[in-house]
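Undergrad: Quick one: the structure is below, questions incoming.
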Amino acid sequence: MANEKDDKKQIGLTPEANDAIAKIAHDHFGGNQQDAYRLAISYAIGAGLNLDEAPAGGYITKYHAEAVESGTTLRDLFQILGLGDPDRPFSTAEKLAEVGVRDMARRLDGSETLADLLGDGPEASIIDRE
7 MANEKDDKKQ IGLTPEANDA IAKIAHDHFG GNQQDAYRLA ISYAIGAGLN LDEAPAGGYI
67 TKYHAEAVES GTTLRDLFQI LGLGDPDRPF STAEKLAEVG VRDMARRLDG SETLADLLGD
127 GPEASIIDRE
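Position in the sequence shown counted from 1, then plus 6, gives you our numbering.
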């Protein structure tokens, strides 16, 4: 198991997802990519996206890791949900953001709205599909 000191200090996205988040932020967040990044993490969790689909490397730094959380909220949430390595919450957050941005971009490009992504549309919450 990794030590907390081994966790990422800088987090980001791959070039492809970086382009996608710029468009998502422009269209839906008044240009605020950090808010879009946080939503992508939440979206990935809510949609049950697979962390293993995130690339192992090739990320471009966007933020100091602590800029996306306050206190230990990510660590606590990931531990409760059993997501990723509990000693590396920022690495887990980066992977969730990556898969979240990619899926959000795919759906938004397919004419769904942000409301659809958040559970009001054809691919509603994972709970609704069970």
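Built from N, CA and C at the ideal position, the CB exists for glycine as well.
#1: Helix, strand or coil, according to DSSP, for tyrosine 69 in the structure here?
#2: I need the boundaries of the alpha helix (DSSP H) containing glycine 18, first residue and last residue.
#3: Is DSSP giving proline 92 helix, strand or coil here?
#4: Shortest alpha-carbon distance to proline 61 belongs to which of Ala103, Ile27, His34, Asp13?
#5: So alanine 53 and valine 107 are supposed to be a Cβ contact under 8 Å. How far apart are they, rounded?
#6: Quick one: Cα of aspartate 122 to Cα of methionine 110, how far?
#7: When the Cα atoms are used, what is the spatial distance from leucine 19 to valine 74?
#8: Would you give the residue range spanned by the alpha helix (DSSP H) that glutamate 79 belongs to?
#9: Use the C-beta contact count for leucine 55: other C-beta atoms within 10 angstroms, 16 or more gives buried, fewer gives exposed.
TA: By the coordinates alone:
#1: Position 63 of the sequence shown holds residue 69. If DSSP states are grouped into helix, strand and coil, tyrosine 69 belongs with the strands.
#2: Numbered from its first residue, the sequence shown carries residue 18 at position 12. That residue, glycine 18, is in no alpha helix (DSSP H); its beta strand (DSSP E) goes 16-19.
#3: Here residue 92 refers to the residue found at position 86 when the sequence shown is read from its first residue. If DSSP states are grouped into helix, strand and coil, proline 92 belongs with coil.
#4: The residue labelled residue 61 in the question sits at position 55 within the sequence shown. Looking at the Cα atoms, Ala103 is the closest of the given residues.
#5: Position 47 of the sequence shown, counted from the first residue, corresponds to residue 53. Position 101 of the sequence shown, counted from the first residue, corresponds to residue 107. Their Cβ separation, rounded to whole angstroms, is 12 Å, which puts alanine 53 and valine 107 out of contact at 8 Å.
#6: For the purposes of this step, residue 122 is taken as the residue at position 116 of the sequence shown. For the purposes of this step, residue 110 is taken as the residue at position 104 of the sequence shown. Between aspartate 122 and methionine 110, the C-alpha separation is close to 10 Å.
#7: As a position in the sequence shown, residue 19 is number 13, starting the count at 1. As a position in the sequence shown, residue 74 is number 68, starting the count at 1. Each residue's Cα considered, the two are about 13 Å apart.
#8: Along the sequence shown, one-based indexing puts residue 79 at 73. Going by the sequence as given, residue 79 is threonine instead of glutamate. Note, threonine 79: alpha helix (DSSP H), 79-87.
#9: Locating residue 55 in the sequence shown gives position 49, where the first residue counts as 1. Leucine 55 should be labelled buried.
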